[in-house]
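To start, the structure under review is shown below, and the notes come after it.
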DNA sequence: AATGAATGAGTATTCATTCAT
DNA sequence: GATGAATGAATACTCATTCAT
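Protein chains in written order, with UniProt numbering: chain L, 1 to 198; chain X, 1 to 198; chain Z, 1 to 198; chain G, 1 to 198.
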């Protein structure tokens, strides 16, 4: 008798996850072009053909990961809409991201994936979306900063310029983590936000 | 009549420079894997074969550019040994780098090249050297910061951690420039260094 | 309770038939190379694995169909040995074949399969046999034509050459049906045989 | 010094011709799917990569050959517009085609290519064009036949149906040539056209 | 008997590199 | 020195076939 549907689904899901994990790690470390399907399948301990049972193509697989990254960014953007004061909101966000970069392998990989994508040409529709989502996040952060400035808690200066600097710091920190690995030392949250607050 | 030796050498040097410029720009924008020798030769207005008369291989050419980048970093590191005060030295350095990134020319390309390389695996010996040079630069900046702290001009905190943060900001800013292109807004130098000074 | 042996055999036979039908249709329409086992199993509403319980390989399955075609051709050849006059025999045969081609069912598919195979390289032993059977058919038709000529009913000319022309017309008509599909207009039987009879 | 432009062009053209000849022969014999680029390059005595310097893809190469076939068919269609009588025109055309099939390797291959294409799915735009060109040819032949009927020289019957039969015979003859190779015996022209003339 | 997940060999295509001129 | 035609190794992807259940 054949496997039950449930058994098949469980098998399938497990394989999918293995592929996702391997691909995220490799794309983040080596980029799209230098990562081969063989790399991915070897890392995931499966055959090359099996990757294609789960994803249409290398681009498809990459696109799915980018989609997940977009999802993450959107949830970050949503976290900006809160009852808390701008200062608290920003501090909380920065803390979360720095911690994520520092501790989680996965979060770190997503950051790197995004870092790479921002450097790459826009081949895929998902990349375009990722870029637009990022721009939106920058914009919303600028608005939050403006509110903080109106409350007299944030320093003066062009809010968008300040927003860009904040995310540049986050991104640079992720790069640094990638570069240094174990030797990485995460910055203090108040240092990261020092330029923002009076 | 054949050309004189001198004429040949001058021609040769000019070709080399054309290749360097084309390759730097392309590697910086598209990365090592996505840049083809044909891309480079077309951009340099020469034949593909001619590239191989000047460089052993694509890796060789890339390695030479990395060497140049190492050279640049070293000159930056040397600029830290100066008569000026730590605060002035740091400010001057940051100003130079931010301007370099913003101005989108050769300097900018080197930054991007380095940005990419730090994310890549260490395939070439020159990359290893670049990374080590970078680490040395971080170390020297940490020492400068420590001096500044001893003078009471810099804020307290682990000097190495602060040094890393400073370069993370520079790196992240270069990424941001890459991402936004024309829409990029460079940060104010005092915002970049705000976390450092009292 | 397990099924009885008889039930199993009946099921098995039904499955075999489904595979045959699906495969014949697909091979006839798309050829051997472009037809996948998945195509066949999907068309037959069974799993891919099940095909292999009934046939050793794709080639095996193809070979069996070719064998069936050989069988059909042989029965055509046998129909040439009859009491009826050569003219009647030929007319009857042509009518049957044209009708078969036109009616677009199983017979039509066999014609197309044979049409394809005659163009293909001889990969399988069955194909060789098919070709030899065809040659034998041509020969027997030539003999029939010769008899017709002796009776003064058929036109003069090399009997083998005339036989070839007759089957070329049949073959070309099958091609035409394939090409035109619904828009196909079958030729009149007397037009097809016009060159043969006085 | 490099090769002169002229030398390069000659080299290029020679290579192109080698590829065309090899590809036509292979596509005609084995069809598109079963013909590999390696087959073609091996037959043409060149490397696989070189094929891609001359043609974008396997489809491109195939498309070019189909285009050539379309060109041939069009020139056949044009030959129908002539001062000569319908009977002479048809006879001349059939004679030319039968002779082409019988003697020339190349003509024979084009016929086979067309034969195959008519059986295949319409993947390429050129295939669609080929089919339409063929339909147009059938139509023009039907008109010629109608004129012949009005002159009382051709037998009665639906002109389009008669046109289809004529080309079915030609096509079937090409198939037969392919099938029999050296053993092929070409039909007499008057036998091929017997069904047409009174 | 039946299923479909998994495997891996084979094919189209790209591109670094070589070589005749 | 210079050219670009030619080579062939590497990679994405497909599909016949196997196998655990």
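We put the beta carbon where it would ideally sit given N, CA and C, even for glycine.
Residue 167/G - containing alpha helix (DSSP H), residue span
Numbered from its first residue, the fourth chain carries residue 167/G at position 167. Its alpha helix (DSSP H) spans residues 159 to 180.
Note down the Cα distance separating residue 42/Z from residue 48/Z, rounded to an integer number of angstroms.
Here residue 42/Z refers to the residue found at position 42 when the third chain is read from its first residue. Here residue 48/Z refers to the residue found at position 48 when the third chain is read from its first residue. For residue 42/Z and residue 48/Z, the distance between alpha carbons rounds to 8 Å.
Check the Cβ of residue 160/Z against every Cβ in chain G and list those closer than 8 Å, keeping chain order.
For this step, residue 160/Z is matched to residue 160 along the third chain. Ordered by position in chain G, the residues that pass the 8 Å Cβ test against residue 160/Z are 185.
Could you tell me which of 78/Z, 29/Z, 198/Z and 135/Z sits nearest to residue 174/Z, measuring between CA atoms?
By one-based count along the third chain, residue 174/Z stands at place 174. Out of 78/Z, 29/Z, 198/Z and 135/Z, 29/Z has the C-alpha closest to the C-alpha of residue 174/Z.
Residue 195/L at chain X interface by Cβ criterion, 8 Å
Working through the first chain from its first residue, we reach residue 195/L at position 195. Residue 195/L counts as touching chain X.
Report back the beta-carbon spacing between residue 31/G and residue 33/Z to the nearest angstrom; my notes put them in contact at under 8 Å.
Numbered from 1 along the fourth chain, position 31 holds the residue referred to as residue 31/G. Numbered from 1 along the third chain, position 33 holds the residue referred to as residue 33/Z. At roughly 7 Å, the Cβ-Cβ gap stays under 8 Å, so residue 31/G and residue 33/Z are in contact.
Exposed unless 16 or more other CB atoms sit within 10 angstroms - verdict on residue 1/X
Walking along the second chain from the start, residue 1/X turns up at place 1. Residue confidence is low: residue 1/X scores 44 on pLDDT, short of 50, so the model does not pin down where it sits. Its coordinate-derived value is still stated next. Classification of residue 1/X: exposed, given that the 10 Å Cβ count is below 16.
DSSP bridge partner residues for residue 62/X (one or two, in chain order)
Taking the second chain and counting its residues from 1, one reaches residue 62/X at position 62. None; residue 62/X has no bridge partner.
If you measure from the beta carbon of residue 157/Z to each beta carbon in chain G, is any gap under 8 Å?
Your numbering for residue 157/Z matches position 157 in the third chain. Yes, its Cβ sits closer than 8 Å to a Cβ of chain G.
With distances taken from CA atoms, which of 196/G, 4/G, 171/G and 136/G is nearest residue 75/G?
Working through the fourth chain from its first residue, we reach residue 75/G at position 75. Nearest C-alpha to residue 75/G: 136/G.
Within chain L, the residues that residue 111/X reaches when beta carbons sit closer than 9 Å:
Along the second chain, one-based indexing puts residue 111/X at 111. The contacting residues do not exist; residue 111/X stays about 12 Å from chain L at best.
Under the three-state DSSP convention, the category residue 27/G falls into:
By 1-based counting over the fourth chain, the position of residue 27/G is 27. Note: residue 27/G maps to helix in three-state DSSP.
Residues in its own chain within less than 8 Å of residue 65/Z by CB, not counting five upstream and five downstream?
Here residue 65/Z refers to the residue found at position 65 of the third chain. So the qualifying residues of the chain are 20, 23, 24, 27 and 113.
Leaving out five residues on either side along the sequence, give the residues of the same chain with a beta carbon under 6 Å from the beta carbon of residue 186/Z.
By 1-based counting over the third chain, the position of residue 186/Z is 186. Closer than 6 Å at the Cβ level, and outside the excluded window around residue 186/Z, lie 98 and 102.
Kindly say whether residue 116/G, judged by its beta-carbon, lies nearer than 8 Å to any beta-carbon of chain Z.
Residue numbering aside, residue 116/G sits at position 116 when the fourth chain is read from its first letter. At least one chain Z Cβ lies under 8 Å of residue 116/G.
Any chain X beta carbon closer than 8 Å to residue 62/L
What you label residue 62/L is simply residue 62 of the first chain in a count that begins at 1. Chain X, which has no Cβ nearer than 8 Å to the Cβ of residue 62/L, makes this no.
Span separating the alpha-carbon of residue 111/X from that of residue 143/L:
Sequence index remark: in the second chain, residue 111/X carries index 111 (1-based). Sequence index remark: in the first chain, residue 143/L carries index 143 (1-based). Answer to the nearest angstrom: the Cα atoms are 30 Å apart.
Which residues of chain L have a Cβ atom closer than 7 Å to the Cβ of residue 169/X, listed in chain order?
Counting from one through the second chain, the residue named residue 169/X turns up at place 169. What residue 169/X touches in chain L: 168, 169 and 172.
To which residues does DSSP link residue 111/Z through a beta bridge?
Counting from 1 along the third chain, the entry for residue 111/Z is found at position 111. DSSP lists no partner for residue 111/Z.
How far does the alpha helix (DSSP H) with residue 53/G in it reach, from first residue to last?
For the purposes of this step, residue 53/G is taken as residue 53 along the fourth chain, with counting starting at 1. From DSSP, the alpha helix (DSSP H) with residue 53/G extends over 48 to 54.
For the candidate residues 162/X, 94/X, 87/X and 15/X, whose alpha-carbon lies nearest to that of residue 55/X?
The residue you call residue 55/X lines up with position 55 of the second chain. Selected option, being the one with the closest Cα: 15/X.
Measuring alpha carbon to alpha carbon, tell me which residue in 5/L, 86/L, 163/L and 67/L is nearest residue 276/L.
Nothing can be reported for residue 276/L: it is not among the residues displayed for chain L, which extend from 1 to 198.
What residues from the UniProt domain "HTH tetR-type" (13 to 73) of chain L come within 9 Å of chain X, judged by C-beta to C-beta, listed N to C?
28, 29, 30, 31, 32, 33 and 34
Report the three-state DSSP secondary structure of residue 184/X (helix, strand or coil).
Here the question's residue 184/X lines up with position 184 in the second chain. Note: residue 184/X maps to coil in three-state DSSP.
Grab the span of the alpha helix (DSSP H) containing residue 88/X for me, first residue to last.
As a position in the second chain, residue 88/X is number 88, starting the count at 1. Looking at the DSSP string, the run of the alpha helix (DSSP H) that includes residue 88/X is 86 to 103.
For residue 144/Z, go through chain G and note every residue whose CB falls closer than 7 Å to its CB, in chain order.
Position 144 of the third chain, counting from 1, holds the residue named residue 144/Z. Here the premise fails: no neighbours, minimum Cβ distance about 17 Å.
Assign residue 199/X to one of two classes, buried (16 or more other C-beta atoms within 10 Å of its C-beta) or exposed (fewer than that).
The shown model of chain X, from 1 to 198, leaves out residue 199/X, and the question about it has no answer.
On a CA-only basis, which of 129/G, 139/G, 6/G and 128/G is nearest residue 160/G? Give me that one, please.
Here residue 160/G refers to the residue found at position 160 when the fourth chain is read from its first residue. Checked all of 129/G, 139/G, 6/G and 128/G; the closest Cα to residue 160/G is 139/G.
Would you mind reading off the limits of the alpha helix (DSSP H) that contains residue 142/Z?
Indexing the third chain from 1 puts residue 142/Z at position 142. It spans 125 to 150 - the alpha helix (DSSP H) in which residue 142/Z sits, taken as one unbroken run.
For residue 118/L and residue 141/X, believed in contact at Cβ under 8 Å, the rounded distance:
As a working mapping, residue 141/X is identified with position 141 in the second chain. As a working mapping, residue 118/L is identified with position 118 in the first chain. Incorrect: roughly 26 Å between the Cβ atoms, too far for contact.
Looking only at its own chain, which residues have a Cβ that is under 8 Å from the Cβ of residue 84/Z, when we skip the five neighbours before and after it?
Numbered from its first residue, the third chain carries residue 84/Z at position 84. Closer than 8 Å at Cβ, skipping near neighbours: 92.
Check whether the Cβ of residue 178/L lies closer than 8 Å to any Cβ atom in chain X.
For this step, residue 178/L is matched to residue 178 along the first chain. Yes, residue 178/L counts as interfacial toward chain X.
Give me the residue from 168/Z, 180/Z and 197/Z with the minimum Cα distance to residue 184/G.
Start at 1 with the first residue of the fourth chain, and residue 184/G comes out as number 184. Among 168/Z, 180/Z and 197/Z, the Cα nearest to that of residue 184/G belongs to 168/Z.
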